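Engineer: Let me begin by handing over the structure; questions about it come next.
There are 2 protein chains.
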Amino acid sequence: MKDFTNMLRKQHLKATPQRLAILTSISKYGHINIDHLYSEIKLIFKSISLATIYKNINAMTNALILQEVKLPSSKAVYEITKQNHSHLLCIKCNKIEDIVIDLQQTIKIVHQNNFEVKHTDLILSGICGHCA
Amino acid sequence: MKDFTNMLRKQHLKATPQRLAILTSISKYGHINIDHLYSEIKLIFKSISLATIYKNINAMTNALILQEVKLPSSKAVYEITKQNHSHLLCIKCNKIEDIVIDLQQTIKIVHQNNFEVKHTDLILSGICGHCA
DNA sequence: CTGACTGCAAACGTTTTGCACGGTA
DNA sequence: TACCGTGCAAAACGTTTGCAGTCAG
Numbered sequence: 001m002k003d004f005t006n007m008l009r010k011q012h013l014k015a016t017p018q019r020l021a022i023l024t025s026i027s028k029y030g031h032i033n034i035d036h037l038y039s040e041i042k043l044i045f046k047s048i049s050l051a052t053i054y055k056n057i058n059a060m061t062n063a064l065i066l067q068e069v070k071l072p073s074s075k076a077v078y079e080i081t082k083q084n085h086s087h088l089l090c091i092k093c094n095k096i097e098d099i100v101i102d103l104q105q106t107i108k109i110v111h112q113n114n115f116e117v118k119h120t121d122l123i124l125s126g127i128c129g130h131c132a
Numbered sequence: 133m134k135d136f137t138n139m140l141r142k143q144h145l146k147a148t149p150q151r152l153a154i155l156t157s158i159s160k161y162g163h164i165n166i167d168h169l170y171s172e173i174k175l176i177f178k179s180i181s182l183a184t185i186y187k188n189i190n191a192m193t194n195a196l197i198l199q200e201v202k203l204p205s206s207k208a209v210y211e212i213t214k215q216n217h218s219h220l221l222c223i224k225c226n227k228i229e230d231i232v233i234d235l236q237q238t239i240k241i242v243h244q245n246n247f248e249v250k251h252t253d254l255i256l257s258g259i260c261g262h263c264a
């Protein structure tokens, strides 16, 4: 259980009910796109505006509370910022799973090629165990 | 030197001068976004429409002649389809470089976790040799 | 109490579509 | 010659902005 209120205050963002609902929803689904998030939040705040969703996603992404994940063949999804990790994307059921993969060997090889890696984005697309 | 005319015909697409110019331009820059491509092609075809650029990019991407690369913090770029590879993205000069990295070890580990990898997308962001 | 946030509507930028004309095969 | 592709304009779509009212700190 995360203390979203504190996460927000540390970044000098107000802990509004809308923001807490957004964070709770993202946390529940792990990864969520704007449309899905909007329909989820509307269940709680019937009058929430899509503009509010966007403003908050942007504010919290800039504050590094959230992270955007650009997927190869669909809309970007958002997740709560955590340890750097890779993503498994099932091309059948579209489920996204986090996976921690050690890329140190790869980073080392690239470094020998005169490139200093600061961040990695790895998406492995394929068939998940459930769909196989 | 590639035979773009044949590449197109094999996919039952007509080899129009506009398409050949698009492919030549992408080939020249390696990776290019829509806006840059549009301004490049306009130098040759002053009256080309942005709609034509989009239609052709979509047609050729669907025909697997082109591939879209979604970048973490900027617009997608397009490249001629080639052997599966990863990308080095310099966060200073924004240059993109192709790099062939062997991910078999990673794929094997993931496979043991009951996930069959079909495709990988890896972007390594950092500082290139020139900007260091 | 004050500045930040919300919700609405309008604006904006990007991408797609419909249609008449033109060019490839 | 028959279609596919082009170019233009309009439409559709996703996202951002401005503003008046509201709320968290």
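In order, the protein sequences belong to chains A and B.
Quick note on numbering: the numbering used here labels position 124 of the first sequence as 124, and the sequence is numbered without any gaps.
Each number in the numbering used here corresponds to the 1-based position in the second sequence with 132 added.
Built from N, CA and C at the ideal position, the CB exists for glycine as well.
Owing to the predicted nature of the structure, the values given are computational and were not obtained by experimental measurement.
1. Given B/N165, which residues of its chain have a CB within under 7 Å of its CB, disregarding the five upstream and five downstream residues?
2. Could you say which of B/K224, B/H262 and B/A153 lies nearest to B/N188 if we only look at CA atoms?
3. Rounded to a whole number of angstroms, what is the C-alpha to C-alpha distance between B/L175 and B/H168?
4. What does the Cβ neighbour count give for B/E211, buried or exposed, with the cut at 16 atoms within 10 Å?
5. Is A/K42 helix, strand or coil when you go by DSSP?
6. Extract the residue ranges of the alpha helix (DSSP H) inside the segment 8-70 of chain A, only unbroken runs of 4 or more that lie entirely within it.
7. Would you call B/C225 buried or exposed, if buried means 16 or more other Cβ atoms sit within 10 Å of its Cβ?
8. Could you give the DSSP three-state label for B/M133: helix, strand or coil?
9. Is it true that the segment 118-132 of chain A meets the segment 240-259 of chain B, where meeting means three or more beta-carbon pairs spaced less than 8 Å apart?
10. Give the straight-line distance between the Cα atoms of B/S171 and A/A15, rounded to the nearest whole angstrom.
11. Looking at chain B, is there any beta carbon in it that lies within less than 8 Å of the beta carbon of A/I91?
12. So B/S157 packs on B/I173, CB below 8 Å; how close in whole Å?
13. Rounding to the nearest angstrom, what Cα-Cα distance links A/Q145 and B/I223 in this structure?
14. Classify B/I223 as helix, strand or coil using the three-state DSSP reduction.
15. For a cutoff of 8 Å on Cβ pairs, would you count A/G30 as touching chain B?
Structural biologist: On the basis of the supplied data:
1. K207, A208 and V209, listed in sequence order.
2. For B/N188, the nearest C-alpha among the options comes from B/A153.
3. So the alpha carbons of these two residues sit roughly 11 Å apart.
4. So B/E211 counts as buried.
5. Helix at A/K42.
6. Correct list: 17-29, 34-44 and 50-62.
7. B/C225 should be labelled exposed.
8. Annotation note: pLDDT 48 at B/M133 (below 50); position unreliable, coordinate value reported separately. Residue state, collapsed to three classes: coil.
9. The segment 118-132 of chain A vs the segment 240-259 of chain B: in contact.
10. Taking the straight line joining both Cα atoms gives about 45 Å.
11. Yes, contact with chain B.
12. Indeed they touch by this definition, with Cβ atoms about 6 Å apart.
13. The structure shown has nothing for residue 145 of chain A, since chain A only spans 1 to 132.
14. DSSP places B/I223 in coil when its eight states are reduced to three.
15. Chain B, which has no Cβ nearer than 8 Å to the Cβ of A/G30, makes this no.
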